[in-house]
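Each remark here refers to the structure printed beneath this line.
Number of protein chains: 2
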Amino acid sequence: MAMKTKSFSNMQCSIARTLDHVGSWWSLLIIRDAMMGARRFKHFQENLGIAKNTLTSRLNDLVEGGILEKVPAGSGLTYEEYALTERGRELAPVIIALAQWGDKWVAHEKGPSTVITVKASGEQLPRIWPRDEDGEVMALRAVGMRRANGAPPKIWTEEEE
Amino acid sequence: MAMKTKSFSNMQCSIARTLDHVGSWWSLLIIRDAMMGARRFKHFQENLGIAKNTLTSRLNDLVEGGILEKVPAGSGLTYEEYALTERGRELAPVIIALAQWGDKWVAHEKGPSTVITVKASGEQLPRIWPRDEDGEVMALRAVGMRRANGAPPKIWTEEEE
DNA sequence: CTACACGGTCCTATATTGCAACCAACAAGC
DNA sequence: GCTTGTTGGTTGCAATATAGGACCGTGTAG
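Taken in order, these protein sequences are the chains called A and B.
Heads up: the first sequence runs through residues 30 to 190, numbered per our numbering.
Heads up: the second sequence runs through residues 30 to 190, numbered per our numbering.
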């Protein structure tokens, strides 16, 4: 699906499989703009400064991947717009995590250009972070990653956390 | 920093700035492996099936970006290993969000190869998701994204959410 | 002294991206 | 009815990045 030399889609890892859909340079920025209300070709193009043929490719990939869908623009309008599907909207945690990491670690001198908020209060959204079964924020060292049963083994076996 | 045609690093948007560090095809998979304990060049190479020169580039970029650092492997050992910095470890929410999205929407027929857990209980980590100031899980429609004061305006002005 | 593992570098072929030109469909102005 | 401009693309070409394999210097094992 993604147009690169080596596809991740046959990998079993969910991260790789996700990146196969949204891992190319512009995909997540297109999704970000879609979440902020961009719907038309020109919106993405003008806002991102992306080349038109590249944008065409990315949009087609995202539609094919079920993240965007083409919908009629409205009564009387002839063109179609690009709208996020539920699948696409559920990428919000990824977008939020990226934005918050960037705010903390590689902030622009002028501050962030986008603020993610709790609509009800207008306040800035709290940091998205792993939580345990009780909803308590966890230290990262308390998060484990292990191979699933039946998964191909890792190569490095010197130690296990 | 990242070696692509057009750099995102001068964009004000935090998402773009983050992607400038981790947006290339392999970066996030390298970080995933590092989180699972990979430390040596060969670990990444064998596990990912990435070309060696590409791996060299990506590792150098990540070190330059402060996400990995080279550390002496240990007493008596001559080589250096790649270890996540705090900056790198804090990408965990991104990795988790990608993994959980993939598990839900593009799962492999054999199931996930990696399971992310709460170490204390061994249970699967709950879904990482935006929460309000009280720690309550939010509906995505309750999350707002708006331009910061002073940010360049969006091009599309037809509607505001 | 020889062989091999490790962590690279260098070269070439292919794939992807950026850029600019071009184009068809439609709308607005005159 | 004709011209112009906007939109949403497509097509070529040049530049860049990736995959793959050959090669290499250092260190270790035998």
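All C-beta atoms in this analysis are idealised placements derived from N, C-alpha and C, irrespective of residue type, glycine included.
Predicted model only: the values in this text are computed from it and were never measured.
Thinking just about the alpha-carbon of each residue, which of the options is nearest to the one in residue i?
i        : options                                   : result
B/Glu162 : A/Leu91, A/Lys99 and A/Ser150             : A/Ser150
A/Glu110 : A/Phe73, A/Leu77, A/Gln129 and A/Ala80    : A/Phe73
B/Ala171 : A/Arg118, A/Trp130 and A/Lys183           : A/Arg118
B/His50  : B/Lys71, B/Arg61, B/Ile157 and B/Leu91    : B/Leu91
B/Ala168 : B/Arg175, B/Met174 and B/Arg160           : B/Arg160
B/Thr143 : A/Ala136, A/Glu115, A/Lys183 and A/Trp158 : A/Lys183
B/Ala128 : B/Ala45, B/Leu58, B/Asn39 and B/Glu98     : B/Leu58
A/Thr114 : A/Trp55, A/Met64, A/Pro181 and A/Val135   : A/Met64
According to DSSP, which residues form a beta bridge with residue i?
i        : result
A/Leu113 : A/Leu97
B/Arg160 : B/Val166
B/Gly173 : A/Thr146
Specify the secondary structure class of residue i as computed by DSSP and reduced to three states.
i        : result
B/Thr146 : strand
B/Gln153 : strand
B/Gly179 : coil
B/Leu127 : helix
A/Thr107 : coil
A/Met32  : Residue confidence is low: A/Met32 scores 38 on pLDDT, short of 50, so the model does not pin down where it sits. No coordinate-derived value is stated.
A/Glu190 : Residue placement at A/Glu190 cannot be trusted, given a pLDDT of 42 that sits under 50; what the coordinates show is reported in the next sentence. Coil, per DSSP.
B/Ser86  : helix
A/Trp4   : Nothing about residue 4 of chain A can be read from this structure; chain A reaches only from 30 to 190.
A/Val135 : coil
B/Pro122 : helix
B/Met40  : coil
Could you give the first and the last residue of the continuous alpha helix (DSSP H) run that contains residue i?
i       : result
A/Arg61 : Ser56 to Met64
A/Val51 : Ser43 to Val51
B/Leu77 : Phe70 to Leu77
Kindly list, in the order they appear in chain B, the residues whose Cβ is closer than 7 angstroms to that of residue i.
i        : result
A/Asn76  : Lys183 and Ile184
A/Ala175 : Residue identity differs from the one stated: residue 175 of chain A is Arg in this sequence, not Ala. What A/Arg175 touches in chain B: Val144 and Thr146.
A/Leu120 : Trp130
A/Leu154 : Pro159 and Val172
A/Ala67  : Trp185
A/Ser36  : In chain order: nothing, as chain B lies at least about 10 angstroms away.
Mind pulling the chain B residues with CB within less than 8 angstroms of residue i?
i        : result
A/Pro101 : Going along chain B, no residue has its Cβ under 8 angstroms from A/Pro101, so there is no contact; the nearest lies around 15 angstroms.
A/Arg87  : Those do not exist, as A/Arg87 stays about 13 angstroms from chain B at its closest Cβ, beyond 8 angstroms.
A/Ile59  : Within 8 angstroms Cβ-Cβ: nothing; A/Ile59 doesn't reach chain B, min ~11 angstroms.
A/Glu162 : Val147, Ser150, Glu152 and Pro155
Taking Cβ-Cβ distances shorter than 9 angstroms, what residues in chain A pair up with residue i?
i       : result
B/Val92 : Those do not exist, as B/Val92 stays about 15 angstroms from chain A at its closest Cβ, beyond 9 angstroms.
B/Lys81 : Correct list: empty, because the minimum Cβ distance to chain A is about 14 angstroms.
Residue i touches chain B at which residues, Cβ-Cβ below 9 angstroms?
i       : result
A/Ala63 : Simply none; closest approach about 11 angstroms.
How would you list, in chain order, the residues of chain A whose beta-carbon sits under 7 angstroms from the beta-carbon of residue i?
i       : result
B/Thr47 : Leu127, Trp130, Gly131 and Val135
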